[in-house]
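Q:
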Ligand code: NDP
Ligand code: PYC
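In the working numbering, the protein residues as written are 16 to 345.
#1: Closer than 7 Å: is that where the CB of residue 184 sits relative to any heavy atom of the ligand NDP?
#2: Can you give the Cα-Cα distance for residue 111 and residue 105, rounded to whole angstroms?
#3: Within the continuous beta strand (DSSP E) that includes residue 105, where are the two ends?
#4: Could you give the distance in angstroms between the alpha-carbon of residue 289 and the alpha-carbon of residue 176?
#5: Can you give me the Cβ contacts of residue 340 inside the same chain, cut-off strictly under 7 Å, excluding the 5 residues immediately before and after it?
#6: Check the DSSP bridge columns for residue 127 and list the partner residues they point to.
#7: When the distance is taken between beta carbons, is residue 190 closer than 8 Å to residue 210?
#8: What are the boundary residues of the alpha helix (DSSP H) that includes residue 353?
#9: Assess, as a yes-or-no matter, whether the segment 217-235 is touched by the segment 112-128 under the definition of 3 or more beta carbon pairs within less than 8 Å.
#10: Shorter than 7 Å, the distance from the beta carbon of residue 130 to the closest heavy atom of the ligand PYC, or not?
#11: How many Å lie between residue 370 and residue 36 at the Cα?
#12: Let me know the secondary structure DSSP gives residue 120 once reduced to three states.
#13: Go to residue 150, then tell me how far its beta strand (DSSP E) extends in each direction, as first and last residue.
#14: Quick check on residue 269: buried or exposed, where buried means 16 or more other Cβ atoms within 10 Å of its Cβ?
#15: Kindly list the residues whose CB is nearer than 7 Å to the CB of residue 131, restricted to its own chain and excluding five residues on each side of it in sequence; keep chain order.
#16: Let me check one thing: in DSSP terms, what residues is residue 90 bridge-paired to?
#17: Short check: CB of residue 72 to CB of residue 322, under 8 Å?
#18: Candidates 142, 157 and 193: which alpha carbon is nearest residue 178's?
#19: Of the residues 70, 79 and 145, which one's Cα is nearest the Cα of residue 297?
#20: Output needed for residue 43: all residues of its chain with C-beta closer than 8 Å, excluding positions within five of it in sequence on either side, in chain order.
#21: For the ligand PYC, is there a heavy atom less than 7 Å away from the beta-carbon of residue 260?
#22: Excluding five sequence neighbours on each side, which residues of the same chain lie with their C-beta closer than 7 Å to the C-beta of residue 273?
#23: Is residue 195 near the ligand PYC, with its Cβ less than 7 Å from a heavy atom?
#24: Return helix, strand or coil for residue 172, following the three-state DSSP convention.
#25: Distance check for residue 167 and residue 239, CA to CA, integer angstroms please.
#26: By Cβ distance, which residues of its chain are closer than 6 Å to residue 235, with the 5 residues on each side in sequence left out?
#27: Just verifying my parser: in three-state terms, what is the DSSP assignment at residue 283?
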């Protein structure tokens, strides 16, 4: 499919489920961007999850997000029960202005429905010359290191850094061994998962995607990923007055909808942070990237940028069975 065809399909499905036009535009763009960049766990497959979530009544389809400045350099967007994407769009200008004025600023999105990859947000900020950090809890699907019962979400952390020439340095990953969406994609096609991604309901390591979805997912890097997942729970949960992943799952009440709650985004101006007006620091950062790439290692996002180029030129390949399931939503 061409990217225009993907966008058209996404918009038609979201509209069909009653989502208001401004939300349709914002949500469809992140889905198209993920499919375009080869991030298939958050590409068009997500339209199936959106349809289920919209049909469940868990999303306020015409929510009008409300932006307020809660303290110097601290902005809050109350998403009013709608998807996070439009709330981010509406909070972005104030976040950027605050970061450029004071060196560092934060944006808390509250009361939103969240299903998306976070890299589109930190990449936007890095393209505006800012370093950026974003994180959000999800549903309690992941067991703590040493345990077997789900406590925290897949809790992604994304980071962006502006480069002097070329696209920003960006990484974005779940603090679980892999995003839940990736296990769901394995489950769809009956493909086994590697040991280390999940436990079955008896707490035993499993290669069955279905058993891991029913049991518990595992954190990446043992106790390290587990601790980072707790950090995300705290920063994008209680700190901003919003839900933990356990609270989000309880609020979902078995509807299998996308997570509810908040997201924290921090933007830092690498030029203004120390009160000096020079991009000297950015220049020095380039040596770090060079030390990685000159030995043949790749930077996070390099694959994504290459996929983007290919998709813009040639379009994307969607598995036929997935395409059929998407068309059946209409
Ligand atoms: P991965 O484990 O695939 O990790 C992705 C990140 O690691 C990317 O930045 C990727 O860059 C980079 N990377 C992968 N391989 C390499 C390598 N060999 N060298 C250098 N960098 C590498 O992703 P996850 O499954 O953990 O997460 C996928 C998505 O799911 C994320 O976008 C995340 O935001 C989203 N998510 C959203 C949630 C939500 O609640 N909203 C919850 C959980 C996840 P590249 O892209 O270039 O390959
Ligand atoms: O893939 O883990 C995931 C996920 C959770 C919410 C959105 N994506």
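Using N, Cα and C, we set each Cβ at its ideal position, and we do this for glycine too.
A: Let me lay it out:
#1: Between the ligand NDP and residue 184, a heavy atom-to-CB distance of less than 7 Å is absent.
#2: Residue 111 and residue 105 have their C-alpha atoms some 11 Å from each other.
#3: Segment 99-117 is the alpha helix (DSSP H) holding residue 105; no beta strand (DSSP E) there.
#4: Near 16 Å, if we compare the C-alpha coordinates of residue 176 and residue 289.
#5: The answer, listed in chain order, is 63.
#6: In DSSP, residue 127 forms a bridge with 276.
#7: At least 8 Å separates the beta-carbon of residue 210 from that of residue 190.
#8: Nothing about residue 353 can be read from this structure; the chain reaches only from 16 to 345.
#9: Contact between the segment 112-128 and the segment 217-235 is absent, because fewer than three Cβ pairs lie under 8 Å.
#10: Indeed, a heavy atom of the ligand PYC lies less than 7 Å from the Cβ.
#11: The structure shown does not extend to residue 370, since the chain is modelled only from 16 through 345, so no value can be given for it.
#12: DSSP places residue 120 in strand when its eight states are reduced to three.
#13: Unbroken beta strand (DSSP E) run through residue 150: 146-150.
#14: Exposed is the call here.
#15: Around residue 131: 45, 57, 99 and 100.
#16: Residue pairing from DSSP places residue 90 in a beta bridge opposite 84 and 122.
#17: No.
#18: With distances taken between Cα atoms, residue 178 lies closest to 142.
#19: Closest by alpha carbon: 145.
#20: Excluding the 5 residues flanking it on each side, residue 43 has same chain C-beta neighbours closer than 8 Å at 22, 25, 26 and 29, in chain order.
#21: Checking the Cβ of residue 260 against the ligand PYC gives no.
#22: 64, 68, 128, 129 and 130, listed in sequence order.
#23: For the ligand PYC, at least one heavy atom lies less than 7 Å from the Cβ of residue 195.
#24: For residue 172, the three-state secondary structure derived from DSSP is strand.
#25: Roughly 14 Å separates the two Cα atoms.
#26: Answer for residue 235: 192, listed in chain order.
#27: If DSSP states are grouped into helix, strand and coil, residue 283 belongs with the strands.
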